[in-house]
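In what follows, a single structure is set out as structure tokens and then discussed.
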Amino acid sequence: MRRTWSVAAIGLLTVAVGAAGCTKNTGNDDTGSKGPQNNSKLVYVDDAKGPAPEIKDAKKGGILTVLNVQDFDHLEPQNTYVGAAIMVGNQLGLRTLTSYYEKDDGQIELMGDLATTTGQQTENCKVWTYKLRDNIKFEDGTAVTAKDIAYGVSRAFDESQADGPTYIQRWLAGEDFGKAYTGPFKNPGTIAPGITTPDDKTIVFTLQGSHCDFPLAAALPTTVPVLAAKDPGGGKMESPMSTGPYKIKSYTRGQRLEWVRNDNWDPTSDPLRHNYADGFVFDFSQSDPDIITKRLVADQGADQLAIGFPNPTSASLPDIQSNESAKKRVIEGDTIFSQIVSINTQRVTDVDIRRAMIYAYNKQAVLQIIGGATAGTPSTTLTPPVTPGYKKFDAYNVPLTGDPDKAKTLLQGKTLRPFKYCYRAGGVRPQVAAAVKEAFAKAGIEIVPTELDRTTFYSLIGKKGNDCDLAPTGWGQDYPSPTTVLGVLASGHEASHDGSNNNSWLDVPEVTSKLDELASNPDPASALPQYGDLEEKIMKDYAPWIPIYYVHSYTINGSKVGGIYLSQLWGSPSLQNAYVIQ
Amino acid sequence: MLRFIIKRVLAALLTLVAIDVITFVMFFAIPSSPAEANCGKNCTPETIARVNHYLGVDRPFMVQFAEFNRGIFLGRDVDGGRVLNGKPVIDHCHIPCLGYSFKTQEQVTDVIGRALPVTTSIVIGAAVLWLVTGVGLGVYSALHRGKFGDKFAIGVSLVGTSMPVYFFALLLLSIFVFSTGLLPYPQYTSIATNPAKWALALILPWIALTFVQAAGYARYSRSQMLETLSEDYIRTARAIGLPARTVHLRHALRAAITPVITLFGLDLGAFLGGVAITETIFGMHGMGWASVQAASDLNLPVIMATVLIASVFVVIMNVIVDVLYAFIDPRVKLS
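Sequences listed follow chains A and B, in order. Following my numbering, the numbering of the first sequence begins with 966 at its first residue and continues without gaps. Following my numbering, the numbering of the second sequence begins with 4 at its first residue and continues without gaps.
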């Protein structure tokens, strides 16, 4: 997924490196797990039971405030695809069939959330069956049944939910799922093909193919239950009904979102969540990240109970770094997001030219512009270290400042045309483009920086046959599996249509078939190392992108906020264990 | 007098129509694709067509223009292509319908309805303060010309006029919020909900705007006042033994303040359209903030609305100033 998308997609204005995994989680014992187990960060836990393990020193009481520079695009579950929005919804109120628990050692446990387990599969991952836990209710006291989940998944098919994840829809009804079924708004009383609910507590998904990642996709908000009788319709659901520890009390778009305790949540039905704080207030009124940082550094009055979501820009970093108390309140680490320059392999067809571009790129200059070590960690891979299946390799051993001489050697005897470098307007991206132009010029490569509209950038570079040769882009996993990273950005299937996220337009049958084979491997754990090997091979043989840096998150909280850690799943400060220090 | 007022109002209406046409043409001519910008991640040509239909940009210019204006005066029904329970949902956009913000999934009047009270609260409060402080200082300086008080007031106003509002606003935050914690970070609350919290949140924006604005008013009032004080009729008034207070306030100030009122009216009109920098720094979501957001999101209906409303304020304030002027100085209506 993009870090944020449409309006605010990230770009180059984020964070840095440092101590990863400042977590405060106390995990469950992972007995009875299956699924990926090797050295992977992800473990399946099938016997998780509520209540969630107590957090040391956490006490009940107090209202925590989250300060962010902008509102979420959506909270409507099936239409939510931005990491922070998914995380907040899931942790506070919008429970899904499965969910993750992040432990302090960096391990991620996938467990049944509304469901009792991560799912029972038959027919080689084609049929998935879930049983619901007892005592799960909507905020109005209505019991949650399998039909409400079936209805939730079905409403994801409606065209109004076009912003949301599409994994389950595609697996149920094929790539063209929107034509196979148009959702329950247009077809009242129906549910999506492939879903059955034999009884109120059982839901069965019969997929068109083998998808062993189903339990991971089921943790996306596609599976949030929705009460059909109270559904205001697509695009109109501002305050979805909660099934978790908090419910939405009031919401003024763009300004303030208030969650209060949900009396109809039963902690014994939930192995993941707490309700230590009396409530959470999301304050979107300040759109300047530096003012938020200054407030949090100052730590005065109510701001002591505030959690910062935005990363400070280099302008306010010194405020933190010159203040001992503030430094202790920083939560930082690398995120799931990776920044690369996608080289359009269908336009820059000579692989040696692409390799020369990798050699010519000056990562150090770019990192300096985006804010240095607190903004990004120089990278040599597409897949970031926090994503399972990451393999540490450096295919070209380029120094951080680039190696123009090596690039020139590769370009000997070649006639080069000027290359169009398309970047998204805003932030420091024009300065980055200038730095890239300068670095490439040293290697004899001419690029023409072209600024594209901020809001339509991803549509334009996602159009098949677009004329951009290079485009700086960001990407992160949709769920902890390389299928949503390499499986998207290197897949030939993605290179066949508009709206593609394979911005290198890499279309190598051998790679695509290998990716397909890995995705349908019933033992995802054994597939993981092969992803790393495949990515290394792609880098060496096809050089379709220039890895620049892993996006680093660097945020600060007030002094009375406890239990916050950087989510390795969503790249934002996690609220899962948050409490007020009393 | 009535005829004068009617003439001015008619002229204002004509100006508004012209603004309406020009803004509409301007935004119609923008080479952009708001549909793509508002389409979503899994954007298909069908969705773009639907959004285009929703935004109305698939219809001829004149139809769109007529629809837009009909909505303002009569309201209109908007077919967003939404279906619920198997039936199309038609959203009614109430008078004054300024369109639909696809980006935030709400009517533009809702966006404006939230933003306008914020801007009005900031601007009206600050305007009263800057007028009183500015004119007060100006008059004081003029009456104490050359003395320490005059020099001090002029010095302060020089600093005020040369200081950008963003700098002064940050300085205020730094002193009163970040360093000392004397005031909480401003958090706008409606006056109806809690007048005390409302005023508490607005103190800093008011001071910021007042300091920067009052400076100009002080200098302007001072020079106007000095000019008036040197008039023959003032000398006569003094000569016939009128008390200084009557001479200064009743005779001199009344004449001196006329141009200040013009300036005040125009400033107020312009500011009510949004004080983007002040609003942004203090995290207040007023008209200025809404315009900036809408512009960066390419949210055309909201941009249109904020531009239109800002122009309406300027035009209305112009009319009010003209009429007030006529009351203060009866010679005006003869021209």
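Note that the Cβ used here is the ideal one computed from N, Cα and C, for glycine as well. These numbers come from a predicted model, not from an experiment.
Out of the options, state which residue places its alpha-carbon closest to the alpha-carbon of residue i.
i, options, result
"residue 159 of chain B", "B:173, B:170, B:144 and B:172", "B:144"
"residue 1215 of chain A", "A:1209, A:1239 and A:1244", "A:1244"
"residue 1178 of chain A", "A:1519, A:1525 and A:1452", "A:1452"
"residue 1118 of chain A", "A:1526, A:1143 and A:1212", "A:1143"
"residue 286 of chain B", "B:208, B:96 and B:29", "B:208"
"residue 324 of chain B", "B:265, B:274 and B:302", "B:265"
"residue 1038 of chain A", "A:1135, A:1292, A:1129 and A:1080", "A:1129"
"residue 1442 of chain A", "A:1008, A:1145 and A:1046", "A:1046"
"residue 1394 of chain A", "A:1411, A:1422 and A:1375", "A:1422"
"residue 1258 of chain A", "A:1080, A:1097 and A:1277", "A:1277"
"residue 332 of chain B", "B:258, B:142, B:59 and B:282", "B:258"
"residue 1255 of chain A", "B:150, B:283, B:255 and B:231", "B:283"
"residue 228 of chain B", "B:126, B:245 and B:252", "B:252"
"residue 1354 of chain A", "A:1082, A:1108 and A:1496", "A:1496"
"residue 1088 of chain A", "A:1135, A:1311, A:1163 and A:1172", "A:1172"
"residue 1415 of chain A", "A:1424, A:1390 and A:1405", "A:1390"
"residue 1253 of chain A", "A:1392, A:1417 and A:1456", "A:1392"
Drop a sphere of 10 angstroms on the beta-carbon of residue i, count the other beta-carbons inside from all chains shown, and report buried for 16 or more, exposed for fewer.
i, result
"residue 1462 of chain A", "exposed"
"residue 80 of chain B", "exposed"
"residue 1116 of chain A", "buried"
"residue 1066 of chain A", "buried"
"residue 1153 of chain A", "exposed"
"residue 1543 of chain A", "buried"
"residue 163 of chain B", "buried"
"residue 911 of chain A", "Nothing can be reported for residue 911 of chain A: it is not among the residues displayed for chain A, which extend from 966 to 1547."
"residue 1370 of chain A", "exposed"
"residue 988 of chain A", "For residue 988 of chain A, the pLDDT reaches just 31, beneath the cut-off of 50, and the residue's location in the model is therefore unreliable, although a value from the coordinates is still provided. It counts as buried."
"residue 181 of chain B", "buried"
"residue 31 of chain B", "exposed"
"residue 189 of chain B", "buried"
"residue 1521 of chain A", "buried"
So with CB distances below 7 Å, who are the chain A contacts of residue i?
i, result
"residue 188 of chain B", "1260 and 1268"
"residue 92 of chain B", "1198"
"residue 50 of chain B", "1124 and 1127"
Going by DSSP in three states, residue i sits in which element: helix, strand or coil?
i, result
"residue 227 of chain B", "helix"
"residue 1444 of chain A", "coil"
"residue 107 of chain B", "coil"
"residue 1365 of chain A", "coil"
"residue 1226 of chain A", "strand"
"residue 1385 of chain A", "strand"
"residue 171 of chain B", "helix"
"residue 1030 of chain A", "strand"
"residue 1522 of chain A", "strand"
"residue 1178 of chain A", "coil"
"residue 1239 of chain A", "coil"
"residue 1470 of chain A", "coil"
"residue 1330 of chain A", "helix"
"residue 1109 of chain A", "coil"
Which chain B residues sit within Cβ distance under 7 Å of residue i?
i, result
"residue 1151 of chain A", "86 and 89"
List the residues of chain A whose Cβ lies closer than 8 Å to the Cβ of residue i, in chain order.
i, result
"residue 95 of chain B", "Chain A residues near residue 95 of chain B: none, gap ~14 Å exceeds 8 Å."
"residue 284 of chain B", "1253 and 1256"
"residue 270 of chain B", "Within chain A, no residue comes near residue 270 of chain B; the closest Cβ sits about 25 Å away, beyond 8 Å."
"residue 257 of chain B", "Simply none; closest approach about 43 Å."
Note down, in chain order, every chain A residue with its Cβ under 9 Å from the Cβ of residue i.
i, result
"residue 107 of chain B", "1036, 1218 and 1219"
Could you tell me which chain B residues have their CB closer than 8 Å to the CB of residue i, listed as they occur along the chain?
i, result
"residue 1552 of chain A", "With chain A running from 966 to 1547 in the structure shown, residue 1552 of chain A is simply not present."
"residue 1263 of chain A", "180, 181, 182 and 184"
Any beta-carbon of chain E closer than 7 Å to the one on residue i?
i, result
"residue 94 of chain B", "Given the protein chain composition of this structure (A and B), no chain E is represented."
Interface positions of the stretch 1187-1202 of chain A facing chain B (Cβ-Cβ less than 9 Å), listed along the chain: Here the close residues are 1196, 1197, 1198, 1199, 1200 and 1201.
Return the residues of the stretch 1398-1423 of chain A that lie within a Cβ-Cβ distance of less than 9 Å from chain B, sorted by chain order. Along the stretch 1398-1423 of chain A, going in chain order, the ones with a CB nearer than 9 Å to a CB of chain B are 1418, 1419, 1420, 1421 and 1423.
Members of the stretch 1097-1131 of chain A near chain B, C-beta cut-off 7 Å: Correct list: 1124, 1125, 1127, 1128 and 1131.
Any C-beta of chain A within less than 9 Å: which residues of the stretch 289-305 of chain B qualify? Cβ proximity to chain A below 9 Å picks out 292, 293, 295, 296, 299, 300 and 301 from the stretch 289-305 of chain B.
Output needed in chain order: residues of the stretch 115-136 of chain B with a Cβ under 9 Å from some Cβ in chain A. Those would be 117, in chain order.
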